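Enquirer:
Number of protein chains: 2
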Amino acid sequence: MSEAPGGAGEGSFNPYSRACPSRRFLKFLGDLWTVLVIGALYEAGSPQRFTEISLRVDGISTKMLTNTLRALERDGLVLRHQYAEMPPRVTYELSPMGQDLANVLRDVEGWATGHMQDVLDARESYDVAHGE
Amino acid sequence: MSEAPGGAGEGSFNPYSRACPSRRFLKFLGDLWTVLVIGALYEAGSPQRFTEISLRVDGISTKMLTNTLRALERDGLVLRHQYAEMPPRVTYELSPMGQDLANVLRDVEGWATGHMQDVLDARESYDVAHGE
DNA sequence: CTGTATCCAGGGGGATACTG
DNA sequence: CAGTATCCCCCTGGATACAG
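From first to last, the protein sequence lines are chains A and B.
Going by full-length UniProt numbering, the first residue of the first sequence is number 1, and it counts up by one from there.
Going by full-length UniProt numbering, the first residue of the second sequence is number 1, and it counts up by one from there.
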């Protein structure tokens, strides 16, 4: 019952090894746009259109929104619905697995905003102690 | 009681706004090296030396390990201890706030490794359906 | 051992223009 | 509206050499 640094058992994935696919995946999950897009879809609670998402995620470019949504869809985290209308209408929503992930990422987001002030203070102390 | 996309109340931080400092912080927290270094320190359970950390986090360069540790220390998430010895000895450990964060990030890591296979399968299905 | 300093290639990602 | 296609700059981050 020896454990790798990641605590993964045998036959599992371990992001602490550079060759493991979970490392790249973890990197993707941590990507700012990934986190915010998933969070936006989660917050919305209903299928969102391309433009709606871009409005919720301030500053995201069409390129990155496209890339992010495409990757999320490919990974089975987001469901894409296309309607044969004119003008075209496309919506995105979290898959069950995506919603599960959203809950995890939401904790990270909550932790970040919840401790932001502490961190800001810590930085100030550090900068003062280390000569700006 | 209106809510921003991030669900943050007034006076709080909201990473969905590009100007909010929490966005940059969230980006830092999601960074691969940040996640793995914190995870490594958490797993270790005791203060770790520079070299020990680099061994746990496969593939990290001295530059990035230094940068990451420095940033974590500045943010009050990691405590650095320096001993006046020869050869020099320095150890790092999570601060109480850092340990709190570690628990959150650990869930993300666990989610990633726990769903890696599902994602791998989803990708294969997607690629087949969309012509490789 | 624990970093720091520099160089530099590669890729991420913004801005912009254009299409079905 | 929902993207796609390019250009292209910048900045990340690896490699390397060196210092305390």
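Note that CB positions come from ideal geometry on N, CA and C, so glycine has one too.
Source: prediction; values computed, not measured.
Along the region 112-129 of chain B, where does the CB come closer than 9 Å to a CB of chain A? Name the residues.
Expert: Listed in sequence order: A112, T113, G114, H115, M116, Q117, D118, V119, L120, D121, A122, R123, S125, Y126, D127.
Enquirer: Quick check for students: name the residue ranges of the beta strand (DSSP E) that lie wholly in the UniProt domain "HTH hxlR-type" (20-120) of chain A, counting only runs of 3 or more.
Expert: If we require 3 residues or more, the beta strand (DSSP E) runs fully inside the UniProt domain "HTH hxlR-type" (20-120) of chain A come out as 78-83, 89-94.
Enquirer: Which whole-angstrom value is the C-beta distance of R23/A and Y16/B, which I expect to be below 8 Å?
Expert: Translated into the one-based positions of the first sequence, residue 23/A becomes position 23. Translated into the one-based positions of the second sequence, residue 16/B becomes position 16. Rounded, the Cβ-Cβ distance is 27 Å, inconsistent with contact.
Enquirer: Give a yes or no on whether the minimum CB-CB distance between L29/B and chain A is below 9 Å.
Expert: The residue labelled residue 29/B in the question sits at position 29 within the second sequence. Cβ-Cβ to chain A under 9 Å: yes for L29/B.
Enquirer: Answer with yes or no whether the minimum CB distance from L105/A to chain B is below 9 Å.
Expert: To locate residue 105/A, count along the first sequence from 1; it is residue 105. Yes, contact with chain B.
Enquirer: Assuming contact is defined by CB atoms lying nearer than 9 Å, are L101/A and H115/B in contact in what I supplied?
Expert: Residue 101/A sits at position 101 when you count from the first residue of the first sequence. Residue 115/B sits at position 115 when you count from the first residue of the second sequence. Contact: yes.
Enquirer: Strictly under 9 Å for the Cβ-Cβ distance: is Y16/A near chain B by that measure?
Expert: The sequence position of residue 16/A within the first sequence is 16, counting from 1. Interface residue, yes.
Enquirer: Between D127/A and D75/B, what straight-line distance do the alpha-carbon atoms span, to the nearest angstrom?
Expert: Here residue 127/A is taken as the residue at index 127 of the first sequence, counted from 1. Here residue 75/B is taken as the residue at index 75 of the second sequence, counted from 1. Their backbone Cα atoms lie some 10 Å apart in a straight line.
Enquirer: Please report whether the beta-carbon of V90/A lies at a distance below 9 Å from any beta-carbon of chain B.
Expert: In the first sequence, the residue the question calls residue 90/A occupies position 90. So, not an interface residue.
Enquirer: Does the distance from the C-beta atom of G59/B to that of E109/B stay below 9 Å?
Expert: Position 59 of the second sequence, counted from the start, is the residue given in the question as residue 59/B. Position 109 of the second sequence, counted from the start, is the residue given in the question as residue 109/B. No.
Enquirer: Let's test the definition: count the other Cβ atoms within 10 Å of the Cβ of G98/B and tell me whether it reaches 16, buried, or not, exposed.
Expert: As a working note, residue 98/B is residue 98 in the second sequence. Label assigned to G98/B: buried.
Enquirer: Do the CB positions of S95/A and V78/A come within less than 9 Å of each other?
Expert: Translated into positions along the first sequence, residue 95/A becomes position 95. Translated into positions along the first sequence, residue 78/A becomes position 78. Yes, they are a contact pair.
Enquirer: Determine the burial state of residue 134/A: buried for a count of at least 16 other Cβ atoms within 10 Å of its Cβ, exposed for fewer.
Expert: The first residue shown for chain A is 1 and the last is 132, placing residue 134/A beyond what the model contains.
Enquirer: Give me the residue from Y83/B, K27/B, R89/B, G45/B with the minimum Cα distance to T68/B.
Expert: Here the question's residue 68/B lines up with position 68 in the second sequence. When only C-alpha atoms are compared, the closest one is K27/B.
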